[in-house]
Amino acid sequence: MDTTYHDMWSLTKNALLSNGCDDRNSAAVATTVASAEWTGSRSHGLFRVPGYIKSLRSRKVDGHASPEVTHPTPAIVSVDANNGFAPLALEEGVEALTKVVSSTGVAALIVRNSYHFAALWHETFSLASRGYAALAVVCSTPLVAPFGSKKAFFGTNPISFAFPRKVEQPLVFDMATSTMAHGDVQIAAREGRQIPSDVGLSPSGSSTTDPNEVLDGILLPFGGYKGSLISLMVELMAAGLAGDNFSYEAELGDNGDGGPARGGEFIVAFSPEILAGPGWDEHCAAFFTEYAQQGDTYLPGESKRRLADLRGTVTVDNEIYRTIRNLTQINNKK
Ligand code: NDP
Ligand code: PYC
Numbered sequence: 076m077d078t079t080y081h082d083m084w085s086l087t088k089n090a091l092l093s094n095g096c097d098d099r100n101s102a103a104v105a106t107t108v109a110s111a112e113w114t115g116s117r118s119h120g121l122f123r124v125p126g127y128i129k130s131l132r133s134r135k136v137d138g139h140a141s142p143e144v145t146h147p148t149p150a151i152v153s154v155d156a157n158n159g160f161a162p163l164a165l166e167e168g169v170e171a172l173t174k175v176v177s178s179t180g181v182a183a184l185i186v187r188n189s190y191h192f193a194a195l196w197h198e199t200f201s202l203a204s205r206g207y208a209a210l211a212v213v214c215s216t217p218l219v220a221p222f223g224s225k226k227a228f229f230g231t232n233p234i235s236f237a238f239p240r241k242v243e244q245p246l247v248f249d250m251a252t253s254t255m256a257h258g259d260v261q262i263a264a265r266e267g268r269q270i271p272s273d274v275g276l277s278p279s280g281s282s283t284t285d286p287n288e289v290l291d292g293i294l295l296p297f298g299g300y301k302g303s304l305i306s307l308m309v310e311l312m313a314a315g316l317a318g319d320n321f322s323y324e325a326e327l328g329d330n331g332d333g334g335p336a337r338g339g340e341f342i343v344a345f346s347p348e349i350l351a352g353p354g355w356d357e358h359c360a361a362f363f364t365e366y367a368q369q370g371d372t373y374l375p376g377e378s379k380r381r382l383a384d385l386r387g388t389v390t391v392d393n394e395i396y397r398t399i400r401n402l403t404q405i406n407n408k409k
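The opening residue of the sequence shown carries number 76 in our numbering; numbering runs sequentially from there.
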């Protein structure tokens, strides 16, 4: 079916509100979900709403959590999400980080005690739209076998990087460090599609194109040992440096409700104006021009242009839409 940004936002917000989430948290999650679906990130759009609701119903997540922002040093912003969903903590953290990095040139944001089920580009894109380069990482629960192993140990550990441009809209990329995001494998299974043979292994450790076998087995890191090392780095930044759960620790403490896992997020922001000095934009613009001339290259972030105009519709999965509406109605009848 076709639907609008505002309809997806209200659908998500009402579903969360009717399952015990307060207004601020529901609105922050609804913005994350609707923006993802609107810009084509199906694996982290409406598809995730039933999981958010499961974690409210199991009382794993506090839908009324109020994040606390502190500044351990002038260049560090620390946000305790207080057992809430990540989006509200990130909204407040990014606001504080923006103020800090404008004078320090480099600044870090650590979010702790949060439940993360989202795409990361939201926060890096927001920083780059205000003139700062940004790198964000998060880990989750064991889904991916490190290179040399056949046992899930890493999360799908995404990295997002965004870079500002004065005239054009920012460059932003956001990618799982597994060959395919777990959400996309789940969607392929639901739609009865095969997946490439390098995405994962079956429970017996053999190569397969059946997404259900990969969901029962393991995912593989992209790019062999090199991707595996980047995933290792994500664990160390998002858990080791943020002082929160590694993916394996998140699983040990999880109640298995199918919702997001508890953990942290680590973001570093950079001011090109302070680091590179005046003229950084023209210098980088020339680089992007050269990049575009190298062949059939693509500068990631084009999909985010849709956020500038929320008119029109997108096509969403009927079943997911109905499921979310039912999760709202069932609870309203209680
Ligand atoms: P994709 O493989 O769909 O895309 C990865 C990136 O590559 C995008 O930024 C995309 O840009 C860019 N890109 C695509 N094609 C090209 C090309 N030809 N040249 C250059 N760049 C290209 O992402 P994933 O499926 O790996 O991840 C999807 C989402 O899942 C991410 O938002 C991620 O944050 C989220 N995720 C969240 C997790 C969590 O624990 N919270 C875990 C894992 C993933 P563009 O957007 O412009 O198309
Ligand atoms: O799609 O890989 C994924 C994922 C894991 C946790 C949240 N999203």
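Cβ atoms here follow ideal geometry from the backbone N, Cα and C, with glycine treated the same way.
Would residue i pass as a contact of residue j if the rule is Cβ separation under 7 Å?
| i | j | result |
| --- | --- | --- |
| K379 | F200 | yes |
| G275 | L304 | no |
| A209 | A344 | yes |
| A164 | V186 | yes |
| L195 | P233 | yes |
| E166 | A103 | yes |
| Y80 | L350 | no |
| A256 | P245 | no |
| V213 | E394 | no |
| H139 | A193 | no |
| D319 | G338 | yes |
| T107 | H191 | no |
| T403 | S93 | yes |
Work out the CA separation of residue j and residue i for me, nearest whole Å.
| i | j | result |
| --- | --- | --- |
| S224 | K174 | 43 Å |
| L327 | A336 | 10 Å |
| Y396 | L86 | 8 Å |
| F229 | V219 | 5 Å |
| T252 | F297 | 6 Å |
| P147 | S177 | 17 Å |
| A367 | K241 | 18 Å |
| S133 | P278 | 29 Å |
| A361 | G354 | 11 Å |
| E377 | S281 | 37 Å |
| A203 | N188 | 25 Å |
| H235 | S116 | Residue identity check: residue 235 is Ser in the sequence provided, not His. For S235 and S116, the distance between alpha carbons rounds to 14 Å. |
| A182 | G168 | 12 Å |
| Q261 | A171 | 35 Å |
| D273 | V289 | 10 Å |
For ligand 2, is there any heavy atom lying closer than 6 Å to the beta carbon of residue i?
| i | result |
| --- | --- |
| S277 | no |
| S235 | no |
| S130 | no |
Let me know if residue i comes out buried or exposed under the rule of 16 or more other beta-carbons within 10 Å of its beta-carbon.
| i | result |
| --- | --- |
| K129 | buried |
| M83 | buried |
| N330 | exposed |
| E310 | buried |
| S101 | buried |
| I293 | buried |
| V216 | Checking the displayed sequence, the identity of residue 216 turns out to be Thr instead of Val. T216 should be labelled buried. |
| D259 | buried |
Any heavy atom of ligand 1 closer than 6 Å to the beta-carbon of residue i?
| i | result |
| --- | --- |
| F363 | no |
| G376 | yes |
| L195 | yes |
| Y32 | Since the displayed the chain opens at 76 and closes at 409, residue 32 lies outside it and no answer follows. |
| S116 | yes |
| V169 | no |
| V219 | no |
| D249 | yes |
| V124 | no |
| V176 | no |
| V389 | no |
| V343 | no |
- [ ] Any chance you could list the residues with Cβ under 6 Å from a heavy atom of ligand 2, keeping chain order?
- [x] S118, F192, S215, T231, A251, A256, H257 and G258
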